[in-house]
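Trainee:
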Amino acid sequence: MRAKATLITGAAGEVGQALIQALAKERAKDRNTDGDNGRHILTMDLNPLPAHLATSVTHIQASILDTATLDRLISEYEIEEIYHLAALLSTRAEFSPDAAHRVNVEGTMGLLHLAAQQSEWRGEPVRFLFPSSIAVFGLPDQHTKQQYARVREWEWNYPSTMYGCNKLYCEMLGIYFSRHYRQLAADRGPSLDFRAVRFPGLISADTLPSGGTSDYGPEMLHAAAQGKPYACFVREDVRIPFMAMPDAVKALVDIAAVPLEVLSRPVYNITSFSLSAGDFRDRVRSFFPDCQITFKPDSKRQRIVDSWPSDLDDSTARRDWNWSPDYDVERAFAEYLVPMIRRRYEGIEVPIGKESPDQQLG
Ligand code: AKB
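All residue numbers for the sequence shown refer to our numbering, where the first residue is 14 and numbers rise by one.
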């Protein structure tokens, strides 16, 4: 019999690393109460996992586009749940749109197929967790951005980036596979159970993002903690929503855990707090008074954040599955980011923007 498994793609990225820690902790607790239930955590990424994570999972260092590896995986494991995190982020995708399309769209399509086949085979839907993004929104100008401060899920779905287009289309593919594919093939058993959350900019104390456009927030903070100067690549006044990494992981784990009946939609906005780049600098300065943060906007990256909403309306997630972030802006900085980052840089040097691998989301 094949062993049951949860698969995490893009596992060496920021969300992946945080998710592995959370799931491994859960599994260890389950093992203590129920004994070994035989559930494995399989991780996949182009890059190796950091040593401290590699021991709690089975890591496959491969591309999600490698169909032979995926075929081998499903011959060995019964995959019950997929956290599909692998993606090329918004700035990188603008430089390599073909590669972004291959990884973000074709990669997702392959995994949706795999999940649909596994669901049929098991006679039970595979849960497919998909991190989408504020990049699916595209506000045309500053006036509209100010007027529509808190966007709902279905508003302004006109992305201006390759990454945003990829994410929006993959949300739709997920819905297609879970709802319509099943109807056409009614005799083939259940299809997959697709659930997505749209993340704002994520900030981790443990890792740095790379290739994203919301990266200026975490980069500012990590630079300040290391006493390095930082030139922010967007204007001081531009505002977007953010979230601390533990809340991003909590959102994925929580939406995975609720019964399907409580979800009134397949895709949910979620957020925590909104800050302008100037507010972000002020927060950082209140903890690191000597920080040297300047603003040197890059017009292309500026255009991307200008098109993203300043806030999200996440009331449906709050109502349907009790979504609520643990970290508001005060707590995020004072109780998570700053203390953890201070500890991290005691004696450790990590070059800004150089640490994280290609396949990740943040
Ligand atoms: C990016 O900047 O591309 C990501 C995102 C907002 O999805 N962090």
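No residue lacks a Cβ here, since even glycine has one placed at the ideal position from N, Cα and C.
Is it the case that the CB of Y281 approaches a heavy atom of the ligand AKB more closely than 7 Å?
Mentor: no
Trainee: Please state whether DSSP places K158 in a helix, a strand or coil.
Mentor: helix
Trainee: My understanding is that V262 touches A35, with C-beta atoms under 8 Å, so please give their C-beta distance in whole angstroms.
Mentor: 5 Å
Trainee: Using the three-state DSSP reduction, which class does F301 fall into: helix, strand or coil?
Mentor: coil
Trainee: How about D219 and R357: are their beta carbons less than 8 Å apart?
Mentor: Cβ distance < 8 Å, so D219 and R357 count as in contact.
Trainee: State the Cα-Cα distance for the pair A24 and L62, rounded to the nearest angstrom.
Mentor: 7 Å
Trainee: Between the Cα of T22 and those of M175, I147 and L98, spot the shortest distance and give me the residue it belongs to.
Mentor: Minimum Cα distance to T22 is reached at L98.
Trainee: If you draw a straight line from the C-alpha of P259 to the C-alpha of I87, how long is it?
Mentor: 30 Å
Trainee: Short check: CB of L59 to CB of Q74, under 8 Å?
Mentor: A contact, by the Cβ cut-off of 8 Å.
Trainee: Per DSSP, what are the beta-bridge partners of I216 in this structure?
Mentor: A257
Trainee: I need the DSSP call for Q239, collapsed to helix, strand or coil.
Mentor: coil
Trainee: Any heavy atom of the ligand AKB within a distance shorter than 7 Å of the CB on P2?
Mentor: Since the displayed the chain opens at 14 and closes at 375, residue 2 lies outside it and no answer follows.
Trainee: Which residues in the same chain as R298 place their Cβ atom closer than 8 Å to its Cβ, once the five residues preceding and following it in sequence are excluded?
Mentor: Result list for R298: A237, C304 and I306, in chain order.
Trainee: Expressed to the nearest angstrom, what Euclidean distance is found between the alpha-carbon atoms of L127 and G29?
Mentor: 20 Å
Trainee: Using DSSP bridges, identify the partner residues of Y90.
Mentor: Y90 pairs with A16.
Trainee: Run through DSSP, which three-state label would Y349 get?
Mentor: DSSP, reduced to helix, strand and coil, places Y349 within a helical segment of the structure shown.
Trainee: Any chance the CB of D228 is under 7 Å from a heavy atom of the ligand AKB?
Mentor: yes
Trainee: Figure out for me which residue from Y349, D111, S109 and R140 has the closest Cα to the Cα of L124.
Mentor: For L124, the closest C-alpha among the options Y349, D111, S109 and R140 is that of R140.
Trainee: Suppose you measure from the CA of E27 to the CA of I95; what does that come to, to the nearest Å?
Mentor: 17 Å
Trainee: So, at 8 Å on beta carbons, what are the nonlocal neighbours of L78 in its own chain, with the 5 sequence-adjacent residues on each side left out?
Mentor: Around L78: R115, V116, E119, G120 and G123.
Trainee: Tell whether a beta-carbon distance below 8 Å holds between A148 and G177.
Mentor: yes
Trainee: Are S323 and K158 close, meaning C-beta to C-beta below 8 Å?
Mentor: yes
Trainee: Just how far apart, CA to CA, sit S369 and P222?
Mentor: Low local confidence applies: a pLDDT of 40 at S369 is under 50, so the model's placement there is unreliable, with the coordinate-based value given in what follows. So the two alpha carbons sit approximately 6 Å from each other.
Trainee: Between which residues of its own chain and K326 is the CB-CB distance below 7 Å, once the five residues before and five after are set aside?
Mentor: Correcting the residue type first, residue 326 is Asp in the shown sequence and not Lys. Around D326: R163, V164, R165 and N282.
Trainee: Going by the beta-carbon positions, is the gap between P242 and P213 smaller than 8 Å?
Mentor: no
Trainee: Let me know if H72 comes out buried or exposed under the rule of 16 or more other beta-carbons within 10 Å of its beta-carbon.
Mentor: buried
Trainee: Answer yes or no: the CB of A148 versus the heavy atoms of the ligand AKB, is any distance below 7 Å?
Mentor: yes
Trainee: Please classify W167 as buried or exposed, where buried requires at least 16 other C-beta atoms within 10 Å of its C-beta.
Mentor: exposed
Trainee: Our contact map puts A416 next to R208 with C-beta atoms below 8 Å; I'd like the distance itself, whole angstroms only.
Mentor: Absent from the structure is residue 416, since the part of the chain shown begins at 14 and ends at 375.
Trainee: Leaving out the 5 sequence neighbours to the left and right, which residues in its chain are closer than 8 Å to I33 when beta-carbon positions are compared?
Mentor: Annotation for I33: I21, A24, I54, T56, L62, L66, S69 and V70 place their beta carbon closer than 8 Å to its own, counting only its chain and skipping 5 residues before and after.
Trainee: So, with DSSP's three-state summary, where would you put Y96?
Mentor: strand
Trainee: Under 8 Å, do Y340 and S285 count as touching if we go by C-beta distance?
Mentor: Between Y340 and S285, the CB-CB gap stays under 8 Å.
Trainee: Just the C-alpha distance for G375 and K17, rounded to the nearest angstrom, thanks.
Mentor: With a pLDDT of only 34 at G375, under the threshold of 50, the placement of this residue in the model should not be trusted; the figure read from the coordinates follows. If I take the Cα positions, the gap works out to 28 Å.
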